[in-house]
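Please read the structure below before turning to the comments.
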């Protein structure tokens, strides 16, 4: 039997191999219900490269934001719990609750809205939790907080009986309210009140207002007399008549040979009719009145920092001024600072914890202390010189200055202020007040009377421990109520019997 050629077998093998390599698996049938509703058969697959990048960035940012806001609320809740016991203390109906003073000023280069939002977001919840009342002194422009605080102190001095040269001072709304409370026998809180200052720029105005209020006079300084020009320097009017072109008119020519236009119409005309009269000035068109209200500048200071040491202290000044709490106010502007601003936006939990600690310390008011002071000395010997000739035991050591703690509070914020703060005064207002730009000046009589709220380390740990236990108890109680509801629905009981199927407790069906 003859063998078939090999060439005839190869096509047969190829014919059997081709169909098996090109056949695709049949697609998985879709859900008939989805198919009837027109929903396509979607397959789960890995997104593309661009989608992975987009989802990674947005997911990471969203996760960081949610994490920060969760811990921010947790920190605020912890500090609110620390002061919540004060709200449960009874208060007589004829007594005013404790009232603290809040000082807010528009940050450099921005408006007052930023300071208000910061107050409502970080400070107000803790004040409300402690059942405190507050009054706010705001400043939209530089110097308004200083003027408001100084005016408040001068009003207190007048009410305490300090003599004022101006006896016709208009009674303010605060004075009328105070008289009404005294007539109604409403008691005022006799404990510690306190002042809360937000930001370095507000703190500098606060310190200047304290000095102006207790060291300055009650009456405003006399206005400088207006300066009049010397009458001898004024130019005398020329006896020679002037034409409209400001050229002197020759009397011999103009009077002897008048032109036909200038010839007198009758012989009885005087010389004044013959001489040309000056043209009346052109009237400028009236400008429409400005619809915007004019900007009212703050009250000028009654005293400047250079005369603090020579000014007499008010006899009505207390031995200790109201204690203060200075809170940080990070406010950075500028497009190039966007990375720093994003970082701060995602780390507000630290700011909430720091602000909550300071506000809770003021609300508790358990302890106060004076501001620290340091002394800087100057000697005639170079400390880096190790030669025997420099070791002079009789070298004079002189105290150069006193370094106050008030001067160093939040000093790092000045580096983030807008550049408009450091611009010099314009030529038309060279004496304009610039408390943000100028160096802080503190008088010893005022600096030693200033106090600050303080919370000891041990007391802080104890109060935080009690607050954590109270929060855990609240969470346990809330979870307990949820557990009862789940048991009633049969979600946590073996057998899955509902609450209404179990019958009453102690009944026949139990």
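Residue numbers (our numbering): 5 to 514. Beta carbons: idealized from backbone N, C-alpha and C, even for Gly.
Rounded straight-line distance, which links the Cα of residue j to that of residue i
| i | j | result |
| --- | --- | --- |
| residue 103 | residue 169 | 32 Å |
| residue 371 | residue 196 | 10 Å |
| residue 462 | residue 469 | 11 Å |
| residue 369 | residue 334 | 25 Å |
| residue 185 | residue 163 | 14 Å |
| residue 210 | residue 483 | 48 Å |
| residue 160 | residue 313 | 22 Å |
| residue 213 | residue 440 | 13 Å |
| residue 444 | residue 420 | 18 Å |
| residue 140 | residue 302 | 17 Å |
| residue 338 | residue 423 | 10 Å |
| residue 431 | residue 110 | 25 Å |
| residue 307 | residue 136 | 34 Å |
| residue 4 | residue 198 | The structure shown does not extend to residue 4, since the chain is modelled only from 5 through 514, so no value can be given for it. |
| residue 298 | residue 146 | At residue 298 the pLDDT is 49, less than 50, meaning the model places this residue with poor confidence; the figure from the coordinates comes in the next sentence. The straight-line gap from Cα to Cα measures roughly 17 Å. |
Same chain, Cβ closer than 6 Å to residue i, neighbours up to 5 away in sequence not counted
| i | result |
| --- | --- |
| residue 362 | 329, 331 |
| residue 86 | 364, 467, 471 |
| residue 203 | 333 |
| residue 259 | In this prediction, residue 259 scores a pLDDT of 42, lower than 50, which makes its location untrustworthy; the coordinate-derived value is nonetheless stated afterwards. The answer is none, since no qualifying residue turns up. |
Own chain partners of residue i with C-beta closer than 7 Å, once the 5 adjacent residues on each side are dropped
| i | result |
| --- | --- |
| residue 120 | 108 |
| residue 76 | 352, 353, 356 |
| residue 79 | 353, 356, 357, 360 |
| residue 218 | 157, 317, 318, 321, 450 |
| residue 53 | none |
Where residue i falls: helix, strand or coil (DSSP)
| i | result |
| --- | --- |
| residue 452 | coil |
| residue 48 | coil |
| residue 188 | coil |
| residue 90 | helix |
| residue 152 | helix |
| residue 106 | strand |
| residue 470 | helix |
| residue 99 | strand |
| residue 457 | strand |
| residue 378 | strand |
| residue 373 | strand |
| residue 62 | helix |
| residue 543 | Since the first residue shown for the chain is 5 and the last is 514, residue 543 is missing from the structure and cannot be characterised. |
| residue 196 | coil |
Opening and closing residue of the alpha helix (DSSP H) in which residue i lies
| i | result |
| --- | --- |
| residue 409 | 409–412 |
| residue 363 | 352–368 |
| residue 143 | Residue 143 -> not in any alpha helix (DSSP H); beta strand (DSSP E) instead, spanning 137–143. |
| residue 132 | 128–133 |
| residue 342 | 342–349 |
| residue 36 | 36–41 |
Residue i CB to nearest heavy atom of the ligand FAD below 7 Å
| i | result |
| --- | --- |
| residue 195 | No copy of the ligand FAD appears in this structure; indeed no ligand is present at all. |
Sequence-distant residues of its chain with Cβ nearer than 8 Å to residue i (five each side left out)
| i | result |
| --- | --- |
| residue 458 | 365, 371, 372, 373 |
| residue 413 | 204, 207, 330 |
Segment limits, beta strand (DSSP E) that includes residue i
| i | result |
| --- | --- |
| residue 201 | 199–202 |
| residue 116 | Looking at the DSSP string, residue 116 is not in any beta strand (DSSP E); the run it does join, the alpha helix (DSSP H), is 116–122. |
| residue 493 | That residue, residue 493, is in no beta strand (DSSP E); it is neither H nor E in DSSP. |
Would you be able to state if there are at least three C-beta pairs under 8 Å between the region 53–68 and the region 449–456? A contact between stretches requires three or more CB pairs, one per stretch, nearer than 8 Å, and the region 449–456 fails this requirement with the region 53–68.
Looking at C-beta atoms only, is the number of pairs between the region 126–139 and the region 219–226 that lie closer than 8 Å three or more? no
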